[in-house]
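Residue numbering for the sequence shown follows our numbering, beginning at 60 and increasing consecutively.
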Amino acid sequence: MMDLLLVRHGEPDYSDIDERGYIGHGRDLAKLTEKGVRQAERAAEDARLQGAELILSSPYTRALQTASIISRITQIPLTVETDLHEWMPDLSFMYEGPEEIPAVLREMEMYRGEWCRECRYRWESLSKVGERAFFAVKKYLHCKKIILVAHETVIQRFVKMESVPCGSVTEMDFSQESRWFGCYQDIRGMGTAK
């Protein structure tokens with residue numbers, strides 16, 4: 060059993076991204092706002108992080124900047140795990156901006172988080188998010204305590220939370236038997252926050 064501390068990245072600032080006209084995956088280059096930096100600094104002061112052996116981070120800028128702030132303050136080593144990236148609303152990586160997301164989310168809800176051929180949009184199934192995130196974390200089960208810095212949709216595969224505030228810290232027990240879950244599944248017996 061491993062103590063897993065789930066930290067959502069600080070508040071992102073998309074102003075530079077919008078100004079440059081970045082689309083698709085380019086939107087994931089957004090850095091933190093000043094408030095987001097303060098959220099990361101506050102998360103680093105959370106006593107539950109003490110004794111963690113490692114910080115795992117999503118490769119996206121907002122998560123990696125949050126993780127680097129926590130690492131600097133706590134002196135806990137940091138590594139990037141590609142499979143901790145955010146849910147992909149467009150597998151072609153060409154979506155133009157947040158205005159397209161509501162229609163994709165409505166479709167995802169209609170199909171209970173699982174993409175199928177009848178879907179109009181090409182988005183990542185929540186089962187894929189759970190599978191890849193759990194695969195990334197299970198490699199570290201030899202550790203007693205780690206910190207995972209990621210995104211709301213990723214964190215929701217680990218614990219039942221309707222929303223995950225930016226900069227929040229959630230603690231859970233994680234083991235080889237732990238199973239991911241989605242917003243649209245029966246979650247009895249799944250991980251819950253401590």
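All C-beta atoms, glycine included, are put in the ideal place defined by N, C-alpha and C. Values in this document were obtained by computation on a predicted structure and should not be read as measured data.
I need the boundaries of the beta strand (DSSP E) containing residue i, first residue and last residue.
i            : result
alanine 209  : 204–209
arginine 165 : From DSSP, arginine 165 is part of no beta strand (DSSP E) but of the alpha helix (DSSP H) over 160–169.
serine 116   : 113–116
arginine 97  : Not the beta strand (DSSP E): arginine 97 falls in the alpha helix (DSSP H), residues 93–103.
leucine 65   : 61–67
Do the CB positions of residue i and residue j come within less than 8 Å of each other?
i              : j                 : result
leucine 65     : threonine 229     : yes
leucine 150    : arginine 181      : yes
leucine 63     : phenylalanine 233 : yes
alanine 99     : threonine 125     : yes
isoleucine 129 : alanine 106       : no
glycine 69     : phenylalanine 152 : no
tryptophan 239 : alanine 195       : no
cysteine 225   : glycine 95        : yes
tyrosine 119   : glutamate 93      : no
Please look up how many angstroms separate the CB atoms of residue i and residue j, rounded, as I've assumed it's under 8 Å.
i             : j              : result
valine 208    : isoleucine 132 : About 13 Å separates the two Cβ atoms, so there is no contact after all.
valine 223    : arginine 67    : 5 Å
serine 127    : leucine 137    : 6 Å
glutamate 112 : cysteine 202   : 5 Å
valine 218    : methionine 231 : 5 Å
leucine 200   : glutamine 235  : 6 Å
serine 117    : leucine 108    : Not really, about 17 Å apart at Cβ, beyond 8 Å.
Quick check on DSSP: helix, strand or coil for residue i?
i                 : result
isoleucine 129    : helix
isoleucine 76     : helix
phenylalanine 233 : strand
serine 227        : coil
lysine 219        : coil
histidine 123     : The sequence shown places leucine at residue 123, rather than the histidine named in the question. Helix, per DSSP.
glutamine 244     : The pLDDT assigned to glutamine 244 is 46, lower than 50, so where the model puts this residue is not dependable, and the model offers no usable value.
proline 157       : helix
How far does the alpha helix (DSSP H) with residue i in it reach, from first residue to last?
i           : result
leucine 137 : Careful: leucine 137 lies outside any alpha helix (DSSP H), inside the beta strand (DSSP E) at 137–139.
leucine 185 : 185–197
Here's a check: name, in chain order, each residue in its chain whose Cβ is nearer than 7 Å to the Cβ of residue i, leaving out the five neighbours to either side.
i              : result
methionine 147 : Trp182, Glu183
methionine 167 : Trp182
aspartate 245  : Bear in mind that a pLDDT of 38 at aspartate 245, under 50, signals an unreliable position, so the model cannot answer this.
isoleucine 160 : Pro148
With a threshold of 6 Å on Cβ separation, who are the neighbours of residue i within its own chain once the five nearest residues in sequence on each side are excluded?
i          : result
serine 227 : Arg67
Might you give, ordered along the chain, the residues of its own chain that have their beta carbon closer than 8 Å to the beta carbon of residue i, omitting 5 neighbours on each side?
i            : result
glycine 156  : Asp77, Ile82, Arg86
aspartate 32 : Coverage of the chain is limited to positions 60 through 253, which leaves residue 32 absent and any answer about it impossible.
Please determine whether the Cβ atom of residue i lies at a distance below 7 Å from any heavy atom of the ligand SAM.
i             : result
glutamate 177 : The model on display carries no ligand, and the ligand SAM is accordingly not part of it.
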